[in-house]
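Those letters in the sequence shown? Residues -7 to 440, by the numbering used here.
Built from N, CA and C at the ideal position, the CB exists for glycine as well.
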Amino acid sequence: MNEYVERVIAETKAKNPNEPEFHQTVTEVLTSLENVIAAHPEYEQAALLERIVEPERIIQFRVVWVDDSGKTQVNKGYRVQFNGAIGPYKGGLRFHKSVNLSILKFLGFEQVFKNSLTTLPIGGGKGGSDFDPHGKSDAEVMRFCQAFMTELYRHIGINTDVPAGDIGVGGREIGYMFGQYRRIRDAYENGVLTGKGLTYGGSLIRPEATGYGGIYYAQQVFAHENDSIEGKTFVLSGYGNVAWGAAKKIAELGGKAVTLSGHNGYIYDPDGITTEEKLNYLLEMRASRNANIKMYADKFGVEFHEGEKPWGVRGDVYLPCATQNEVGMDEAELIVASGAKYYFELANMPTTNDAIAYMQANGVIIGPAKAANAGGVAVSALEMSQNSMRYGWTAEEVDAKLKTIMKDIHDSSAKAAAEYGLGYDLVKGANIAGFLKVAQAMMAQGLI
Ligand code: 2IT
-7 MNEYVERVIA
3 ETKAKNPNEP
13 EFHQTVTEVL
23 TSLENVIAAH
33 PEYEQAALLE
43 RIVEPERIIQ
53 FRVVWVDDSG
63 KTQVNKGYRV
73 QFNGAIGPYK
83 GGLRFHKSVN
93 LSILKFLGFE
103 QVFKNSLTTL
113 PIGGGKGGSD
123 FDPHGKSDAE
133 VMRFCQAFMT
143 ELYRHIGINT
153 DVPAGDIGVG
163 GREIGYMFGQ
173 YRRIRDAYEN
183 GVLTGKGLTY
193 GGSLIRPEAT
203 GYGGIYYAQQ
213 VFAHENDSIE
223 GKTFVLSGYG
233 NVAWGAAKKI
243 AELGGKAVTL
253 SGHNGYIYDP
263 DGITTEEKLN
273 YLLEMRASRN
283 ANIKMYADKF
293 GVEFHEGEKP
303 WGVRGDVYLP
313 CATQNEVGMD
323 EAELIVASGA
333 KYYFELANMP
343 TTNDAIAYMQ
353 ANGVIIGPAK
363 AANAGGVAVS
373 ALEMSQNSMR
383 YGWTAEEVDA
393 KLKTIMKDIH
403 DSSAKAAAEY
413 GLGYDLVKGA
423 NIAGFLKVAQ
433 AMMAQGLI
């Protein structure tokens, strides 16, 4: 391995103990860059890798709110402002009981490269809370969001840092947070958050964008392989807006999604999640207070596999759409055994590094998260553009831009991999292409 890369990976691990997810993504990205680092000795001279793995700023704060029974609750709140070299920090807020600094640093680090790949001027950041939205009332969620924003507002701004949603943060939470931001600032700066409702500055296609973008990216890969989406069976995990958007676009283009999963198991619908009724039911289900994927099986009379993951189901394309590390070696072996040729990461870091290597070694083409799921943040950046123009594009206009962006992401990743002698390796290619733009901007801006 390249000595400089090896040293920075080891130092990062030593300096950030007990952060396994952060270490995982740093290892994955930096090992992709070996040939680039070898070709650019000036990066070592400028300690560029040491700088790029260190967040520019981390904010951690207390969030105090009162639940419906009148009890005071205390949560941790965070914002990791990872890298602002190419634009304001941009990235989601995650509300989930597992949230900690390791997870937010891995997400923030991924976001830096993903956002760079979109071709749009956005830096990388991530934030959130260990607040658990499951089973909470609307009023509790509102009070939590208001308390969270009462601290966060001083750290964000349309030119500083623009948060959005992630797991546990959707349109409802963004609405409550924007309301509180507007009240405190006494200004209508709706470009400060993305994923807003359509009545107050949201962009058409933003809810669908991660799923649609993932399928547009997949189409580029199919085209490269002289293949097409028609008649293909897709195995999906998750049942949130990413899985919903992907299933919808798959159906529209002549394929079918046959599985969805949640914390309590997975459903198998051999006819496919293809009808308007089924797709709309996902939205309805998610809006209920105790949403879980078994509700889909009950409603449509399909199989529910309690406590299991869907990776043993045979498919042509595998699409993890849930959360980090849902596919390790055991799951990768099932996927390889199915004979599938395609695996696209629509969730963030759904795959362990050894599982990616194993699938690639067995001929599975991997579309990595920072490319395949970049459609969401890309349309968030388009939402920022529309807010600053005080003008909104039509759904067709946003969709056309999203398609172009996903093609650019695929093409720049493929080109970067080829240029550095790595063939059609879309994982390394995405890391290289994303890195180079940020690296060049950091070099140009001097030692900061
Ligand atoms: O992981 C992601 O890219 C997101 N959660 C979306 C971030 C955004 O700013 O829209």
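Looking at the secondary structure, which residues open and close the beta strand (DSSP E) in which residue i lies?
i: residue 153; result: 153 to 157
i: residue 44; result: Residue 44 -> not in any beta strand (DSSP E); alpha helix (DSSP H) instead, spanning 40 to 44.
i: residue 147; result: Counting along the chain, residue 147 falls outside any beta strand (DSSP E), and DSSP gives it neither H nor E.
i: residue 295; result: 295 to 298
Please state the DSSP three-state secondary structure of residue i.
i: residue 385; result: coil
i: residue 325; result: helix
i: residue 92; result: coil
i: residue 394; result: helix
i: residue 412; result: coil
i: residue 375; result: helix
i: residue 114; result: coil
i: residue 128; result: coil
i: residue 65; result: strand
i: residue 344; result: coil
i: residue 168; result: helix
i: residue 315; result: coil
i: residue 100; result: helix
i: residue 75; result: strand
i: residue 195; result: coil
i: residue 54; result: strand
i: residue 227; result: strand
i: residue 249; result: strand
i: residue 48; result: coil
i: residue 221; result: coil
i: residue 304; result: helix
Measuring from the CB of residue i, is there a heavy atom of the ligand 2IT at a distance below 8 Å?
i: residue 521; result: The structure shown has nothing for residue 521, since the chain only spans -7 to 440.
i: residue 340; result: yes
i: residue 202; result: yes
i: residue 72; result: no
i: residue 270; result: no
i: residue 83; result: yes
i: residue 372; result: yes
i: residue 406; result: no
i: residue 154; result: yes
i: residue 157; result: yes
i: residue 97; result: no
i: residue 365; result: yes
i: residue 301; result: no
i: residue 103; result: yes
i: residue 369; result: yes
i: residue 106; result: yes
Which residues mark the beginning and the end of the alpha helix (DSSP H) in which residue i is found?
i: residue 337; result: Residue 337 -> no alpha helix (DSSP H), and no H or E assigned at all.
i: residue 441; result: Residue 441 is absent from the model: the chain starts at -7 and stops at 440.
i: residue 274; result: 268 to 279
i: residue 236; result: 233 to 244
i: residue 123; result: It is not in any alpha helix (DSSP H) - residue 123 carries neither H nor E in the DSSP assignment.
i: residue 198; result: 198 to 216
i: residue 260; result: Note, residue 260: premise wrong, no alpha helix (DSSP H); beta strand (DSSP E) at 257 to 260.
i: residue -1; result: -5 to 7
i: residue 83; result: Residue 83 -> not in any alpha helix (DSSP H); beta strand (DSSP E) instead, spanning 81 to 87.
i: residue 36; result: 33 to 37
i: residue 20; result: 12 to 24
i: residue 424; result: 418 to 436
i: residue 361; result: 361 to 364
i: residue 288; result: 286 to 292
One question on the structure: do residue i and residue j come within less than 9 Å of each other, judged by their Cβ atoms?
i: residue 240; j: residue 200; result: yes
i: residue 198; j: residue 421; result: no
i: residue 47; j: residue 21; result: no
i: residue 366; j: residue 209; result: yes
i: residue 113; j: residue 79; result: yes
i: residue 311; j: residue 227; result: yes
i: residue 15; j: residue 23; result: no
i: residue 342; j: residue 329; result: no
i: residue 81; j: residue 41; result: no
i: residue 105; j: residue 340; result: no
i: residue 132; j: residue 59; result: yes
i: residue 122; j: residue 91; result: yes
i: residue 313; j: residue 238; result: yes
i: residue 235; j: residue 266; result: no
i: residue 153; j: residue 120; result: no
Compare the C-beta of residue i against all C-beta atoms of chain B and say whether one is closer than 9 Å.
i: residue 155; result: Annotation note: the requested chain B is absent from the structure, which comprises a single protein chain.
Indicate, with yes or no, if the ligand SAM has a heavy atom lying under 8 Å from the CB of residue i.
i: residue 40; result: With respect to the ligand SAM, the structure shown offers nothing to examine, as its ligands consist of the ligand 2IT.
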